[in-house]
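Number of protein chains: 4
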Amino acid sequence: MNDGSGMPVKTEERLRKPRADAIRNRERVLEAAKAVFSAGGVEASLEAVARRAGVGIGTLYRHFPTREALFEAVYRREVEQLSDLAARLQSEAAPVEALRLWLRANVEFVATKKGMAAALAIATSGTSELTIFSFARLTKAVGGLLARAVAAGDVRADVSAEDLLRTLVGMCLLHDQPGWQAGVVRMLDVLIDGLRVSAPTRRKK
Amino acid sequence: MNDGSGMPVKTEERLRKPRADAIRNRERVLEAAKAVFSAGGVEASLEAVARRAGVGIGTLYRHFPTREALFEAVYRREVEQLSDLAARLQSEAAPVEALRLWLRANVEFVATKKGMAAALAIATSGTSELTIFSFARLTKAVGGLLARAVAAGDVRADVSAEDLLRTLVGMCLLHDQPGWQAGVVRMLDVLIDGLRVSAPTRRKK
Amino acid sequence: MNDGSGMPVKTEERLRKPRADAIRNRERVLEAAKAVFSAGGVEASLEAVARRAGVGIGTLYRHFPTREALFEAVYRREVEQLSDLAARLQSEAAPVEALRLWLRANVEFVATKKGMAAALAIATSGTSELTIFSFARLTKAVGGLLARAVAAGDVRADVSAEDLLRTLVGMCLLHDQPGWQAGVVRMLDVLIDGLRVSAPTRRKK
Amino acid sequence: MNDGSGMPVKTEERLRKPRADAIRNRERVLEAAKAVFSAGGVEASLEAVARRAGVGIGTLYRHFPTREALFEAVYRREVEQLSDLAARLQSEAAPVEALRLWLRANVEFVATKKGMAAALAIATSGTSELTIFSFARLTKAVGGLLARAVAAGDVRADVSAEDLLRTLVGMCLLHDQPGWQAGVVRMLDVLIDGLRVSAPTRRKK
DNA sequence: AATGAATGAGGGTTCATTCAT
DNA sequence: TATGAATGAACCCTCATTCAT
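Residue numbers (our numbering), protein chains in the order written: chain A, 356 to 560; chain B, 356 to 560; chain C, 356 to 560; chain D, 356 to 560.
See the structure below:
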């Protein structure tokens with residue numbers, strides 16, 4: 356899989372040419388898919404994606420042989436962003452605040468990219484090998500924040516990362532009601548208050 | 356044909372036509388719909404419902420001329436049961452406990468009748484007039500319990516019934532993971548702790 | 356089939372009871388069918404007919420076991436009216452005028468009962484045994500008028516009743532254009548002028 | 356991939372993609388549609404058309420996204436041929452003869468391509484913008500011939516092109532009876548005799 | 001590699017017709 | 001007899017996926 360050396364070892368002349376446009380097309384499809392899944396929901400047709408990307412449907416299939424593969428590719432980067440954010444918050448905010456901010460960031464994501472809700476739902480309940488990876492990554496992200504808060508003595512220890520993640524995602528699934536975003540943020544605060552070990556500082560809005 | 360009494364009973368209010376099979380079929384379709392909506396989500400095919408119910412697709416359409424009508428019929432009874440339970444709990448348990456029990460009852464419902472999750476989701480996010488009614492009814496149920504707890508000074512006043520209901524439903528939506536039920540019950544306790552005005556009594560498992 | 360006498364001859368007790376409502380229902384269905392076929396075209400659903408008649412679909416089928424049978428029954432009386440009219444015109448108008456009036460009467464029929472066009476079309480092109488009878492009857496009607504005019508020396512002899520009937524019906528089939536009725540009447544006059552043996556008296560409107 | 360000349364031809368106006376099969380399929384669908392619409396009327400099922408054409412239903416829809424589009428494609432060429440013929444006859448035959456020949460050509464068309472009857476019927480009674488165009492074209496065709504005959508003093512002036520066209524089409528609609536074609540030709544002659552201003556030359560068969 | 005034509009399964013829906021009550 | 005419930009074939013149409021060019 357990896358050449359490993361800087362010198363051409365194989366006779367595969369394929370390595371040279373076909374890069375530029377192939378990569379551009381792949382990128383275009385990803386962009387289009389994000390937009391289309393956001394706007395039209397997860398059920399959007401792949402033809403619509405291809406059309407928006409300005410490529411043939413066949414090209415889409417070359418890059419992403421199944422619908423799942425495309426979906427995976429689309430939200431993998433989102434998952435990575437959230438994961439990275441968790442790492443950053445670990446060192447940039449107090450334990451409980453870091454947790455709160457990360458949870459809210461998720462809400463933001465769903466608010467701006469409707470497709471994310473489905474993506475997260477799949478990540479948390481899907482059975483495919485691909486989604487398992489994403490679930491693990493997100494669990495690790497929230498688990499790290501949670502563990503730090505527990506270690507600091509701020510948060511009770513009997514709640515698992517999985518449960519918290521699942522709750523978060525569930526809360527975001529019903530994002531079609533007016534005012535859902537404010538409601539979810541409010542409930543996250545309530546939840547965090549419930550998590551606190553003692554004297555839950557009632558935060559003022 | 357004969358009412359068994361020996362005397363002709365001609366009063367037209369007598370069942371003009373028995374329809375043993377019609378009733379049975381209607382029931383079967385409802386059962387099937389509950390199961391299928393549970394497994395396949397709200398978008399499940401009506402043909403699948405008919406197939407599972409063991410009736411022709413035409414029969415399904417006769418009883419429920421629109422998809423909406425079927426939904427409505429499926430979840431109306433569940434919604435009513437939950438609504439009735441809330442009324443009963445109002446007078447049979449202490450405010451916070453009543454709230455907790457009702458929330459848990461919802462989880463039970465979803466656990467035993469998978470269809471409920473979809474039903475609740477529809478009730479909380481549907482846009483049809485029918486679902487609006489159901490949403491209102493559930494909101495009223497939880498709102499009553501919430502208001503009582505607030506009035507008793509046990510629970511903070513800045514959380515709306517809508518938000519609480521939506522959170523509950525969201526938490527139940529991902530019910531395919533192993534151990535989801537225990538996790539949700541745990542998170543509900545956390546949530547209630549967060550709702551308490553003071554000294555959250557940490558409940559022991 | 357016919358009792359023939361005024362005294363009960365058969366032990367078939369069925370002869371007494373079931374008349375009144377059965378006949379009424381048959382009549383109602385016929386009326387409804389005429390209305391529905393007129394309004395909704397020939398493709399109208401039989402359920403719609405039954406609904407309009409206020410009877411069950413089963414009842415409709417009891418009286419008219421096939422769609423064809425119903426259709427036949429509906430337009431048979433219309434055909435009979437046209438046939439009777441031809442007989443009357445034979446003795447009440449001059450040969451050519453009688454022909455003209457009868458042709459126009461057909462147009463009137465179609466104008467007031469849209470279904471008639473289809474009925475006539477079926478009568479002239481249908482292959483079922485039932486329609487053959489109607490075709491024969493109408494052919495005889497127009498044939499009588501035509502023969503009389505030929506015998507009087509007013510009309511050429513090389514046009515068959517079938518051709519004339521078919522032409523008439525065809526002209527009426529396109530009855531959806533605005534002004535079709537006046538147009539058809541005008542063309543019928545032209546046709547009659549063409550039929551005349553000599554000096555076609557140009558009729559003034 | 357290579358134009359065979361040995362030199363790269365990059366001009367984009369070159370056929371970007373040959374689609375031998377696509378063209379063949381389109382043609383097949385058109386043929387099938389003509390046949391099926393003829394046999395089963397305008398309401399014939401598109402699935403039947405696809406079946407007869409030997410292509411998948413999806414292919415039919417790709418080429419003709421709506422039923423209307425298929426109609427349009429089917430009869431446009433026929434209408435054009437008839438229109439062109441009218442233009443040619445204007446200069447190649449005496450006024451009345453030109454009219455007669457054109458009317459007969461229509462009969463021929465229907466006789467050889469049964470689909471034409473439906474096509475003409477649609478053209479004369481359809482309400483879509485497409486059919487209006489076709490109706491206008493045919494009206495213009497017959498109108499030109501008619502006007503020339505009127506100008507020559509051969510034909511009465513009080514018959515409109517629309518009426519004449521509609522009559523012609525109606526006459527051809529019932530083309531399932533044996534001997535219909537001879538009958539229609541005969542009636543067309545009668546009609547033309549009726550149209551003549553004076554001394555209708557009785558044509559011998 | 002890219003394209004887009006072809007395919008057909010599948011979902012929604014209607015209705016003619018049969019059959020149990 | 002009258003009723004209307006049940007059935008399923010047939011239509012329409014969409015789209016995921018395959019394949020020839």
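Note that the Cβ used here is the ideal one computed from N, Cα and C, for glycine as well.
With distance defined between alpha-carbon atoms, name the residue in B:Arg374, B:Leu543 and B:Ala466 nearest to Arg455 of chain B.
Out of B:Arg374, B:Leu543 and B:Ala466, B:Leu543 has the C-alpha closest to the C-alpha of Arg455 of chain B.
Could you name the residues of the stretch 527 to 544 of chain D whose beta carbon sits closer than 9 Å to any beta carbon of chain C, in the order they occur along the chain?
Listed by position along the chain: Cys527, Leu528, Leu529, His530, Asp531, Gln532, Gly534, Trp535, Ala537, Gly538, Val539, Arg541, Met542 and Asp544.
Short of 9 Å Cβ to Cβ, which residues in the stretch 427 to 441 of chain C face chain D?
Residues: none.
Figure out for me which residue from D:Leu523, D:Ala496, D:Ala506 and D:Arg503 has the closest Cα to the Cα of Ala442 of chain D.
Residue D:Ala496 is the option with its Cα nearest to Ala442 of chain D.
Any Cβ of chain B within less than 8 Å of the Cβ of Asp548 of chain A?
So, interface residue.
Where does Arg511 of chain D sit, in a helix, a strand or coil, going by DSSP?
Coil at Arg511 of chain D, not helix or strand.
Where does Ser577 of chain A land, buried or exposed, given buried means 16+ other C-beta within 10 angstroms?
No information on residue 577 of chain A is available, as it lies outside the stretch 356 to 560 that chain A covers here.
Indicate the three-state DSSP secondary structure (helix, strand or coil) for Arg374 of chain B in the structure shown.
DSSP places Arg374 of chain B in coil when its eight states are reduced to three.
So, for Thr366 of chain B: in the same chain, excluding its five sequence neighbours on each side, which residues have a beta-carbon less than 8 Å away from its beta-carbon?
Summary for Thr366 of chain B: the model assigns pLDDT 39, below 50, so the residue's position carries little reliability; its value from the coordinates is reported in the next sentence. Same-chain partners within the cutoff: there are none.
Would Glu435 of chain B be called buried (16 or more neighbouring beta carbons within 10 Å of its own) or exposed?
It counts as exposed.
Would you please verify whether the beta carbon of Gly525 of chain D is less than 8 Å from any beta carbon of chain C?
Yes - at least one Cβ of chain C is within 8 Å of the one on Gly525 of chain D.
Using a 10 Å radius around the Cβ and a threshold of 16 neighbouring Cβ atoms, would you call Glu402 of chain C buried or exposed?
By the neighbour-count rule (16 or more Cβ atoms within 10 Å), Glu402 of chain C is not buried but exposed.
What does Val514 of chain D touch in chain C if you count any residue whose Cβ is under 8 Å from its own?
Simply Arg541, Met542 and Val545.
Can you tell me the Cα-Cα spacing of Arg406 of chain C and Ile412 of chain C, whole angstroms?
Roughly 8 Å between the two C-alpha positions.
By Cβ distance below 8 Å, which residues in the same chain neighbour Val540 of chain D in space, the five residues on each side in sequence not counted?
Once the five neighbours on either side are set aside, the close Cβ partners of Val540 of chain D are Arg459 and Val462.
Tell me whether Gly534 of chain C is buried or exposed, calling it buried when 16 or more other Cβ atoms sit within 10 Å of its Cβ.
It counts as exposed.
Closer than 8 Å by beta-carbon distance: list the chain D residues that pair up with Ala476 of chain C, in chain order.
Leu528 and Leu529, listed in chain order.
Taking DSSP as the reference, what is the three-state secondary structure of Pro555 of chain B?
The pLDDT assigned to Pro555 of chain B is 48, lower than 50, so where the model puts this residue is not dependable, and the model offers no usable value.
Is the Cβ-Cβ distance between Arg308 of chain A and Leu546 of chain A less than 8 Å?
A query on residue 308 of chain A cannot be resolved here, the shown segment of chain A reaching from 356 to 560 and no further.
Please list, in chain order, all residues of the same chain as Lys468 of chain C whose beta carbon is under 6 Å from its beta carbon, the five residues on each side excluded.
Answer for Lys468 of chain C: Ser393, listed in chain order.
List, in chain order, every chain C residue whose beta-carbon is nearer than 9 Å to that of Glu521 of chain D.
The question names Glu, but residue 521 of chain D is Arg in the sequence shown. Per Cβ cutoff of 9 Å: Met526, Leu529, Gln532, Trp535, Gly538, Val539 and Met542.
Nearest-angstrom Cα distance between Phe490 of chain C and Gly395 of chain A?
For Phe490 of chain C and Gly395 of chain A, the distance between alpha carbons rounds to 58 Å.
For a quick check, are the C-beta atoms of Val397 of chain A and Ala473 of chain A less than 8 Å apart?
The answer is yes: Cβ separation under 8 Å.
If you draw a straight line from the alpha carbon of Thr494 of chain C to that of Asp376 of chain D, how long is it in whole angstroms?
Their Cα atoms are separated by approximately 51 Å.
Between B:Thr486, B:Ala506, B:Gly538 and B:Arg381, which lies nearest to Gln532 of chain A when the distance is taken from Cα to Cα?
Checking every option, the nearest Cα to that of Gln532 of chain A belongs to B:Thr486.
Below 8 Å on the Cβ atoms is my contact criterion, and I expect His530 of chain D with Val465 of chain D to pass it. Report the Cβ-Cβ distance as a whole number of Å.
Right, their Cβ atoms sit about 6 Å apart.
Between the C-alpha atoms of Ser400 of chain C and Leu415 of chain C, what's the straight-line distance to the nearest angstrom?
Straight-line Cα distance between these residues: approximately 12 Å.
Any beta carbon of chain B sitting closer than 8 Å to that of Glu517 of chain A?
Yes, Glu517 of chain A counts as interfacial toward chain B.
Cβ of Ala449 of chain A within 8 Å of Cβ of Leu500 of chain A?
No, the Cβ-Cβ distance between Ala449 of chain A and Leu500 of chain A is not below 8 Å.
Please report whether the beta-carbon of Arg558 of chain D lies at a distance below 8 Å from any beta-carbon of chain C.
Confidence in Arg558 of chain D is poor, its pLDDT being 48 and thus under 50, which makes the residue's placement too unreliable to answer from.
Taking only the alpha-carbon atoms, compute the straight-line gap between Arg492 of chain B and Arg432 of chain B and give it to the nearest angstrom.
Cα to Cα, Arg492 of chain B sits roughly 12 Å from Arg432 of chain B.
Since Asp518 of chain C is in the alpha helix (DSSP H), which residue starts that stretch and which ends it?
Asp518 of chain C -> alpha helix (DSSP H) spans Ala516 to Leu528.
Let me know the secondary structure DSSP gives Gln445 of chain B once reduced to three states.
Gln445 of chain B: helix per DSSP, three-state reduction.
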